[in-house]
Amino acid sequence: MSIRKSQKEATRQRVLDAARDLFETEGYEETTVREIARRAEVSVGSVFTTFASKSEILSQVMADRLDGLYAELDRVAPNLRGSTADRLRSMFAIHYAYETRRTKLFLAHIAAAYDWTLGPNTRPYGRNMRLREIMRELLKGGVERGDVDASVDLEGVIDALTAIYAWTYRLAAWEDADATQLSAVFDRQVGLIADGFRPR
Amino acid sequence: MKHVPGSLQADLEAEVRVPTRRALAKQQTRLKVLAAARKLFSEEGYEGATIRDIAAAAGMSTGAVFANFSDKSDLFREIMNADMVLLSEAMRDAAQKGRTVDDALLRAFAAGYAFYKSQLPLARAAFSISWAPDQGPELRASPPVQALHELIAEQLQLGVERGELSQEAEIKLRTQMLWDCYLANYPEAIFLGWSLDALQAKARDQIRVILAGARRG
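What follows is the structure, given as structure tokens:
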């Protein structure tokens, strides 16, 4: 890598680190690009040569965090045991545990999904294809193991689980619920859905 | 209404009291501001619309706007609440035409999507607010949102009474799950421009998945 290129990469990483910390402590709306630049010890201009907007920075911060989450899930997935419902519960418990480590940042990510000025390079909340892929594999495994009916509409199950997982997170926003509380609610909901996909 | 002697008389007097010209003018001003604000929120989104623009569109000073509303969020809340009342009526009417629990819920959801399809920026702003720690719970507790939860719960209860769903249908938890699905489909409409038909197809599948475990037999 050329010196110029590695310098650019270092700047980019510094901006992302500074932004992640500020979004978490101050909140997304309250943080300005100027403050991000100051904390990262770079000029405002060089922030804008790397990112088009604040929402793009947030999107990249979240993408990096999700990479960490999915690396964790990839490690855990082969070791999941038990019924399909329990495997789903474990998988989402990992999500909630990860997301509540930086609740404020995560809520900013959600709020930004409804931001009018959302840029084309942002990846809003709820559009996570990897999560869908993991659920699909898990449910297909369930069909093979025999605790998911082969005639069940897997995409419908995935849609319902995704919606419920995402909206249960609002308990973290409203009631300061922690990962254990979120999982407790979600576990019961998975149970009701599993009642529907079990072979008759 | 309390049935104490004299209260009926008082109510009648209150009804026939003619509003002063001043009160009428104030009411007119409020309506003008609300109409202008609705238009701008719909076109520019919540963040994009300023009080200054709203005042200009209503043909009055920003001072006159602030005399009626404490701030932009106050204005938005008033518009949103009025919409939510209409929305919950539309969804209730639609549900009553349903023949089965699935059908009734789907009709209600479809009425909701149709209501907001023409004003997605407003829906987007309302969603943004619903995640705020302070305003979210307030919105959740508001009478029209409560009415929508009750509507779903009532339809599930009817399903139990008609024998479509088992007695152990866990109505409260399933109501929450159905509501989550109903809301979660809005981003598809907002970001991906889904048609009403596509939204309905997705909602139909979600309803079926959530009710499957409560079917009899």
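Order-wise, the sequence lines are chains F and E. Count the first sequence with this note's numbering and you get residues 1 to 200, in order. Count the second sequence with this note's numbering and you get residues 1001 to 1217, in order. Cβ coordinates follow ideal geometry from the N, Cα and C atoms, glycine included. Predicted model, so just to flag it, every value in this text is computed and none were measured.
Between residue i and the rest of its own chain, which residues show a CB-CB distance below 6 Å, the 5 nearest in sequence each way excluded?
i	result
Q189(F)	I164
V143(F)	A150
L1122(E)	F1041 and S1042
F92(F)	Y165 and F186
L69(F)	Y98
Please state the DSSP three-state secondary structure of residue i.
i	result
L1165(E)	strand
R65(F)	helix
R200(F)	coil
W116(F)	Its pLDDT being 48, under 50, W116(F) is placed unreliably by the model, and the measurement read from it follows with that caveat. Coil.
R1215(E)	strand
Y28(F)	coil
T50(F)	helix
N128(F)	coil
F1041(E)	helix
Closest to residue i by C-alpha separation, out of the options, would be which residue?
i	options	result
S1073(E)	Y1116(E), Q1096(E), F1041(E) and A1064(E)	F1041(E)
Q24(F)	M62(F), A179(F), A37(F) and N128(F)	In the sequence as displayed, the identity of residue 24(F) is Glu instead of Gln. Comparing Cα positions, the closest option is M62(F).
E1089(E)	I1207(E), L1151(E), I1190(E) and A1214(E)	L1151(E)
P1143(E)	V1018(E), S1118(E) and L1087(E)	L1087(E)
E1161(E)	R1215(E), M1177(E), K1097(E) and A1037(E)	R1215(E)
D1205(E)	M135(F), D147(F), D178(F) and D153(F)	D153(F)
A194(F)	A18(F), Q60(F) and D86(F)	D86(F)
A1189(E)	L1106(E), I1079(E) and F1115(E)	F1115(E)
A112(F)	G156(F), G141(F), R145(F) and I57(F)	I57(F)
E175(F)	L1183(E), A1064(E), D1134(E) and I1054(E)	D1134(E)
D1093(E)	A1108(E), A1153(E) and E1138(E)	A1108(E)
G146(F)	R200(F), L105(F), D74(F) and L192(F)	R200(F)
I110(F)	L1192(E), A1023(E), A1203(E) and P1187(E)	P1187(E)
Measure from the C-beta of residue i to each C-beta in chain F and report whether the shortest distance is under 7 Å.
i	result
I1171(E)	no
Q1028(E)	no
I1210(E)	yes
W1131(E)	yes
D1053(E)	no
Q1167(E)	no
D1282(E)	Within the shown structure, residues of chain E are numbered from 1001 to 1217, placing residue 1282(E) beyond reach of any answer.
P1137(E)	yes
M1080(E)	no
I1042(E)	In the sequence as displayed, the identity of residue 1042(E) is Ser instead of Ile. By this cut-off, S1042(E) is not an interface position.
Is there a Cβ from chain E that is less than 7 Å from the Cβ of residue i?
i	result
Q189(F)	yes
I110(F)	yes
I164(F)	yes
D153(F)	yes
A173(F)	yes
L66(F)	no
A160(F)	yes
G142(F)	no
F186(F)	no
D178(F)	no
L203(F)	Lying outside 1 to 200, the shown extent of chain F, residue 203(F) is not represented and no answer is given.
G196(F)	yes
L192(F)	yes
G146(F)	no
For residue i, which residues of its own chain have a beta-carbon under 7 Å away from its beta-carbon, when the five flanking residues on both sides are left out?
i	result
V42(F)	T11, R14 and V15
F1076(E)	F1041, Y1046 and A1125
A172(F)	T100, T103 and L182
Please classify residue i: is it buried, with 16 or more other beta-carbons within 10 angstroms of its beta-carbon, or exposed?
i	result
D1197(E)	exposed
R1038(E)	buried
E1170(E)	buried
With respect to 6 Å, is the separation between the Cβ of residue i and the closest non-hydrogen atom of the ligand FMN below this value?
i	result
R1022(E)	By its list of ligands, the structure shown contains no ligand whatsoever, and the ligand FMN lies outside what it can speak to.
Within a Cβ cutoff of 8 Å, which residues of the same chain sit near residue i, ignoring the five residues on either side of it in sequence?
i	result
K1172(E)	A1153
R132(F)	I158 and T162
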